[in-house]
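Remarks on the structure that follows.
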Amino acid sequence: RWLRQHEYVEKLNMHGILSASAGQEQLLTELLVTHGKIPVLIGELISVEIWKHKIFPVLCRLQDFKPRSTFPIYVVLHHEASIINLLETVFFYKEICQSAEDSILDLVDYCHRKLTLLAARSTKAQAVSSAELRAELLASPSSMQGDPVPPQELQKQAEMMEFEISLKALSVLRFITDQVDSLPLSALTRMLNTHNLPCLLVELVEHCPWSCWEAGKLKKFENGTWHVVPPEDQVKMTKLDGQVWLALLNLLLSPECQRKYRFDGFNKSQLLKLRAFLTDVLIDQLPNLVEMQRFLSYLAVTEPAPPKKDLILEQVPVIWDHILKKNSGKWGAIAKHQVKHAFSPTEEELQLQARRWAQTYSLDMMEALAPDKPRCRVCGAEAAKRCSRCRNEWYCTRACQVQHWQKHKPACNLMA
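When you line the sequence shown up against UniProt numbering, it's residues 1 to 416, in that order.
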């Protein structure tokens, strides 16, 4: 049942990406709003996040956890990425944000947790792990069957996925801040005072976890990969940089936000750090930052009035706490149950799953989503041939295909 639900989410995600690239995502947004599915997706998102924090580490420490295939585990890890990617695609629309209703508080908390992890992450180590994982773990469906993968490799794979999920959460948060005027009062209070998101965003501007220097070259993470930035493009604003600055503009320049935010000594000193980054080159790329520059100049020479204290009953997010309370003390038992019933499939069950996923990830769909031309599985050269049985692996020559056959054979037998 859960796998079927993940298939539906994955299909919606792929449909959303293709619709967005064609400028036709309005139909998908209307479908999600009409059927009230945004709160459901947010609940599912937080459920998988808790699974990764509470169940997955216990599961990796179990003595009898020696999965013959990592594919079932990967599906669960990938579920969170699929949902947050879908939300990133549709949250651009105001009606989607409004249809989230009270669960928007849970989504704000979720984004805060992800951005906190992002701010604390070692960027250089992340760049290395990205290259390793894409080369060794994520390149091929052959990982569906083969030698048992050590738990450490699974955890490394999850960490890399966590980095990309956090970047998606940044985009979702920026879309939420676009709607500050229509958000529930509790959501605004939670963003500004409970989590102090303006100061957290300043940290991201300051440390920029999606860029790093390696061997004297600047590398930036864009479109799912790290790439070297040419010297002439090093001052160019990336999409991720723009998301942070736009979120700051929304949170600091809105009159309602200025009325609610505490401009105390610490917050004021943190925000004034932004002045060093507001160069002429940056402002030329995002002219709206002129207003930010003026606001910070005014803030530097004045003492803003303390926030007005409103006597209100504040809403609180409930999904995270409800799941934790419901399953408190049961994490070990849940992990053992899942090892036995979910992550140790028989040969027949694995073949059935492989066929279903081959149908979900149709070749036409995957090729439409792929930003680059296919590469040879063996040497990495541009490929024009694919396996005629499963049609999932690409090769540049017959020689490379023959060389890779013994490794590819188990997965090919599953999917063919």
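In this text, a Cβ means the ideal position worked out from N, Cα and C, and glycines have one as well.
Measure the CB-CB distance between residue i and residue j and report whether it falls below 8 Å.
i	j	result
Leu204	Val244	yes
Ile96	Leu12	no
Met292	Leu240	no
Leu170	Leu115	yes
Ala158	Phe56	yes
Ile50	Leu324	yes
Ser69	Leu350	yes
Val58	Ala335	yes
Leu62	Val339	yes
Ile165	Ile104	no
Val40	Val76	no
Val229	Leu218	yes
Glu25	Val90	yes
Gln353	Leu3	yes
Lys52	Glu7	no
Can you list, in chain order, the residues of its chain with a C-beta nearer than 8 Å to that of residue i? Leave out the 5 residues immediately preceding and following it.
i	result
Asn267	Asn196, Pro198, Cys199, Tyr261
Asn250	Arg174, Thr177, Asp178, Val180, Cys257
Phe343	Leu59, Phe65, Pro67, Pro72, Ile73
Ile46	Asp106, Tyr110, Ile319, Trp320, Ile323
Pro345	Ser69, Pro72, Gln353
Leu274	Val202, Val205, Leu248, Met292, Leu296
Ser182	Lys94, Cys97, Gln98
With distances taken Cα to Cα, identify the nearest neighbour of residue i among the options.
i	options	result
Ala300	Asp181, Phe263, His79, Lys330	Phe263
Ser211	Asn193, Met237, Glu314	Met237
Lys37	Ser99, Ile323, Val290	Ser99
Thr225	Pro184, Gln270, Met161, Val202	Met161
Ser297	Val316, Leu271, Ile319, Gln315	Leu271
Trp357	Glu101, His53, Leu27, Phe71	Phe71
Arg355	Asp233, Lys385, Asn413	Asn413
Asp102	Gln24, Pro184, Asp284, His15	Pro184
Val281	Asp233, Ala305, Gly265, Arg294	Asp233
Pro306	Asn193, Phe163, Lys409, Lys168	Asn193
Phe163	Glu214, Val235, His78, Pro231	His78
Gly265	Ile283, Arg294, Thr302	Thr302
Should residue i be labelled buried (16 or more other beta-carbon atoms within 10 Å of its own) or exposed?
i	result
Asn223	exposed
Asn288	exposed
Thr279	exposed
Gln5	exposed
Gln401	buried
Ala399	exposed
His35	exposed
His404	buried
Asp106	buried
Pro255	exposed
Val378	buried
Gly16	buried
Ala411	buried
Lys326	exposed
Gln145	With a pLDDT of only 46 at Gln145, under 50, the local geometry of the prediction cannot be trusted, and the value read off the model is given with reservation. It counts as buried.
Going by beta carbon distance, what residues of the same chain come within less than 6 Å of residue i, once the five residues before and after it are set aside?
i	result
Cys396	Cys376, Ala381, Ala383
His112	His195
Tyr93	Thr29
Arg174	Gln243, Leu246, Ala247
Arg386	Trp394
Pro304	Phe263
Lys54	Trp331
By Cβ distance below 7 Å, which residues in the same chain neighbour residue i in space, the five residues on each side in sequence not counted?
i	result
residue 417	This structure cannot speak to residue 417, because the chain is shown only from 1 to 416.
His207	Ala119
Ser82	Val9, Glu10, Asn13
Arg1	none
Pro317	Leu105, Asp106, Asp109
Gly329	none
For chain C, is any of its Cβ atoms less than 8 Å away from the one on residue i?
i	result
Lys66	The chain labelled as chain C is not found in the depicted structure, where only one protein chain is given.
For this session: Could I get the ranges of all uninterrupted alpha helix (DSSP H) runs contained in the segment 279 to 366, with 4 residues as the minimum, in chain order?
Result: 280 to 285, 289 to 301, 319 to 326, 331 to 341, 347 to 360
Problem set entry | Segments assigned alpha helix (DSSP H), at least 4 residues, entirely inside the segment 244 to 282 | 255 to 260, 265 to 272
For this session: May I have a chain-ordered list of the beta strand (DSSP E) segments no shorter than 3 residues that lie completely inside the segment 173 to 214?
Result: 211 to 214
Problem set entry | Continuous alpha helix (DSSP H) assignments of at least 4 residues falling wholly in the segment 39 to 120 | 56 to 61, 71 to 90, 94 to 99, 104 to 120
For this session: Mind listing, in chain order, the continuous alpha helix (DSSP H) runs of no fewer than 4 residues lying wholly within the UniProt domain "MYND-type" (376 to 412)?
Result: none
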